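Step one of this worksheet: look at the structure below.
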Ligand SMILES: Cc1cc2nc3c(=O)[nH]c(=O)nc-3n(C[C@H](O)[C@H](O)[C@H](O)COP(=O)(O)O)c2cc1C
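Numbering (the numbering used here), first residue to last: 47 to 445.
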């Protein structure tokens, strides 16, 4: 379960466009993240999707009419407006955007939108010519000026058969923007560099040495930093993950590629988190052609890769430097040694041989070490939650 959305109240307004059916998927993501979701549908929206679907997914009644007796027992529109931690309108029609801009409150959605003081996220969806019309563009400009968050529609094939900008933004992008809006922006103005994933050290074009790192921990950290307002660069070895939205993503393969990318971006960073599992060694020789099978054993000669973390520690300046130690024995001792030798401000140690911790799983159990302080053992938790727990502690070092 997500940290930020758990227990928060999200009012989701759905207006009458073809994309209304996609609201069901957004509801699912919000509910799964632990939010209490209250849907409001316009009359036009109900032509496209039935309230029963949303009511079933949210387990809350769907507000449809301003004058519904049941809702109005507790002055439904005011109560919803006040209870909301966040108000999302997705999809938002040209008509709905126009009403909100002008202050017309003739239905439940427009009335709640006017009465709420919660942050508002609007995801427009419409035909390309409607989107480009001076009326809609002017309304969007005015709403942005009032502090309303607009998630721009995407380009592509539209339901009306035309091509252009107007398709509802990706549902995951809307969800992530919603989470970011509810997040305390305690990393605003901080430039952060995060490394993640494994490296690959090729023997020949068809074979490499690597490790089981999935990159999940680093990607969770990059996403959490971005949500908390940081300007994030993520240098990543080969992984099967989508880079978090809004993060500068640099894909690398070998330890030497990673070293080059880190050197290029470290200069501007105030915070560097090195969660990548960088190979310590690479084959001394990298063959241009695939090595043919031979009888008998094959001996590989390896040479040391650059120690990126130690190099950063040696030229630390006023940067906060955080490393990871994946150990299989004597975890605390090895982590303490690494903390000191590499001049780190913090090291996150985990025993990758214990169940529910380390490589490729969705949870992790770590111990956080900082110079001069007692090691802090954290319980096993999701990597998402852990990313925020780590950032809470780094925040104290930054300030
Ligand atoms: C089949 C169909 C699809 C429509 N799709 C959209 C759309 O994607 N975006 C939009 O702004 N309006 C769309 N409209 C027009 C709106 O439904 C219309 O402007 C309506 O008054 C909007 O009401 P509401 O904003 O209260 O939901 C569509 C209309 C029809 C008949």
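Backbone N, C-alpha and C fix where the C-beta goes; we use that ideal spot for every residue, glycine too. What you are looking at is a predicted structure, and each value in this text was computed from that prediction instead of being measured.
On a CA-only basis, which of the options is nearest residue i? Give me that one, please.
{"i": "residue 229", "options": "444, 289, 434", "result": "434"}
{"i": "residue 246", "options": "256, 282, 232, 240", "result": "256"}
{"i": "residue 154", "options": "291, 380, 60, 226", "result": "60"}
{"i": "residue 83", "options": "365, 237, 315, 109", "result": "109"}
{"i": "residue 232", "options": "266, 218, 271, 209", "result": "271"}
{"i": "residue 428", "options": "147, 263, 415", "result": "263"}
{"i": "residue 449", "options": "327, 101, 265", "result": "No statement about residue 449 is possible, as the shown extent of the chain runs from 47 to 445 and does not include it."}
{"i": "residue 419", "options": "426, 443, 407", "result": "443"}
{"i": "residue 314", "options": "151, 339, 362, 395", "result": "362"}
{"i": "residue 107", "options": "352, 127, 93, 85", "result": "85"}
{"i": "residue 421", "options": "439, 235, 78", "result": "439"}
{"i": "residue 281", "options": "301, 103, 258", "result": "301"}
{"i": "residue 90", "options": "70, 63, 71, 303", "result": "63"}
{"i": "residue 141", "options": "158, 79, 181, 128", "result": "181"}
{"i": "residue 436", "options": "215, 274, 380, 335", "result": "274"}
{"i": "residue 252", "options": "240, 337, 227", "result": "337"}
{"i": "residue 75", "options": "92, 95, 104", "result": "104"}
{"i": "residue 212", "options": "365, 191, 197", "result": "197"}
{"i": "residue 111", "options": "268, 195, 94, 152", "result": "152"}
{"i": "residue 79", "options": "222, 331, 174", "result": "222"}
{"i": "residue 81", "options": "144, 346, 161, 129", "result": "129"}
{"i": "residue 360", "options": "190, 391, 321", "result": "391"}
Since residue i is in the beta strand (DSSP E), which residue starts that stretch and which ends it?
{"i": "residue 327", "result": "327-329"}
{"i": "residue 318", "result": "317-320"}
{"i": "residue 59", "result": "55-60"}
{"i": "residue 137", "result": "132-138"}
{"i": "residue 368", "result": "366-373"}
{"i": "residue 350", "result": "348-350"}
Under DSSP, the alpha helix (DSSP H) around residue i begins and ends at which residues?
{"i": "residue 83", "result": "From DSSP, residue 83 is part of no alpha helix (DSSP H) but of the beta strand (DSSP E) over 82-87."}
{"i": "residue 165", "result": "From DSSP, residue 165 is part of no alpha helix (DSSP H); its letter is neither H nor E."}
{"i": "residue 344", "result": "No alpha helix (DSSP H) holds residue 344; DSSP gives it neither H nor E."}
{"i": "residue 185", "result": "180-191"}
{"i": "residue 446", "result": "Here the chain has residues from 47 to 445 only, and residue 446 is not among them."}
{"i": "residue 110", "result": "Looking at the DSSP string, residue 110 is not in any alpha helix (DSSP H), and its letter there is neither H nor E."}
{"i": "residue 73", "result": "69-78"}
Tell me, which residues are paired with residue i by DSSP?
{"i": "residue 170", "result": "138"}
{"i": "residue 196", "result": "168"}
{"i": "residue 427", "result": "410"}
{"i": "residue 422", "result": "414"}
{"i": "residue 323", "result": "244"}
What alpha helix (DSSP H) runs, 4 residues minimum, are completely inside the segment 201-252? 217-228
If we require 3 or more residues per run, which beta strand (DSSP E) segments fall completely within the segment 376-420? 392-397, 412-415
Could you name each continuous alpha helix (DSSP H) segment of 4 residues or more that falls completely within the segment 249-315, going from the start of the chain to the end? 262-273, 301-312
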